[in-house]
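What follows is a short report on a single structure.
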Amino acid sequence: MKRIVASLTLPPIGLVFLCICLGTAGCKKDEPEEEFMTLYDKPLSTIQNCILGKWNWYTSYGGYVAVSYPENVFVEFKDDHYITTYKDLRDTVYFSWEKREIPTGDYAKNETYVLSKKDSENWFFETIRNDTLSVSVYTTSYPRGYGFVRVK
Numbered sequence: 036m037k038r039i040v041a042s043l044t045l046p047p048i049g050l051v052f053l054c055i056c057l058g059t060a061g062c063k064k065d066e067p068e069e070e071f072m073t074l075y076d077k078p079l080s081t082i083q084n085c086i087l088g089k090w091n092w093y094t095s096y097g098g099y100v101a102v103s104y105p106e107n108v109f110v111e112f113k114d115d116h117y118i119t120t121y122k123d124l125r126d127t128v129y130f131s132w133e134k135r136e137i138p139t140g141d142y143a144k145n146e147t148y149v150l151s152k153k154d155s156e157n158w159f160f161e162t163i164r165n166d167t168l169s170v171s172v173y174t175t176s177y178p179r180g181y182g183f184v185r186v187k
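Right, here's the structure in full:
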């Protein structure tokens, strides 16, 4: 019976390349998973839990315009009110929750809970992606919205 011996002969640079390839083949980058959740289709308790806390108000958008806010504009959501602060200015707005039909893209409509404020625009909460909250203005005219980033 004959023995068959296979030999692998690689030049030194080829051996180094092979070791690098084999050593990194099983490695996977530790990228944090993105957390994304629609809010408009959730129960009120879920929406309330997701928005409670302090947020940096960083943008306003609508139509073709986007406005960036200074870094020190904050909104803190509580159970029945929110507090907006900018430098030494502080405003408290009380609200109630109302269930209303809202447009949600492609002319579809869903019912959601709207943060209803007396004599002011009403908001509904669209999505939360990681620490970024997307809020739309409940309106029958043109769509507008705001972006907030959670303060840690």
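Heads up, the sequence shown is in my numbering, so the first residue is 36 and it goes up one at a time.
Every residue, glycine too, gets a C-beta built ideally from N, C-alpha and C.
Computed from a predicted model, the values in this text were never measured in an experiment.
message: Does residue 87 come out as helix, strand or coil in the three-state DSSP assignment?
response: Residue 87: coil per DSSP, three-state reduction.
message: So, for residue 134: in the same chain, excluding its five sequence neighbours on each side, which residues have a beta-carbon less than 6 Å away from its beta-carbon?
response: Here the set comprises 146 and 148.
- request: Report yes if the CB atom of residue 114 is closer than 9 Å to the CB atom of residue 83, and no otherwise.
  value: The answer is yes: Cβ separation under 9 Å.
Residue range of the beta strand (DSSP E) that includes residue 151: Note, residue 151: beta strand (DSSP E), 144–152.
Residue of 106, 131, 72 and 111 minimising C-alpha distance to residue 155: Measuring from the Cα of residue 155, the nearest candidate turns out to be 131.
- prompt: Quick one, which of 160, 180 and 186 has its alpha-carbon nearest residue 76's?
  reply: Taking each of 160, 180 and 186 in turn and checking the Cα distance to residue 76, the smallest one comes out for 160.
task: Using a threshold of 9 Å, state whether the C-beta atoms of residue 121 and residue 109 are closer than that.
output: Less than 9 Å divides the Cβ of residue 121 from the Cβ of residue 109.
query: From this set, 74, 124 and 152, which residue's C-alpha is nearest residue 86's C-alpha?
result: Nearest to residue 86 by C-alpha distance, out of 74, 124 and 152, is 74.
message: Output needed for residue 183: all residues of its chain with C-beta closer than 6 Å, excluding positions within five of it in sequence on either side, in chain order.
response: Here the set comprises 90, 92 and 168.
- request: Output the boundary residues of the beta strand (DSSP E) element that contains residue 136.
  value: Per DSSP, residue 136 belongs to the beta strand (DSSP E) from 124–138.
field: Pick from 163, 137, 172 and 138 that is closest to residue 152, judged by C-alpha positions
entry: Per the Cα distances, 172.
Other residues of its chain near residue 164: CB distance less than 6 Å, five sequence neighbours each side excluded: Here the set comprises 71.
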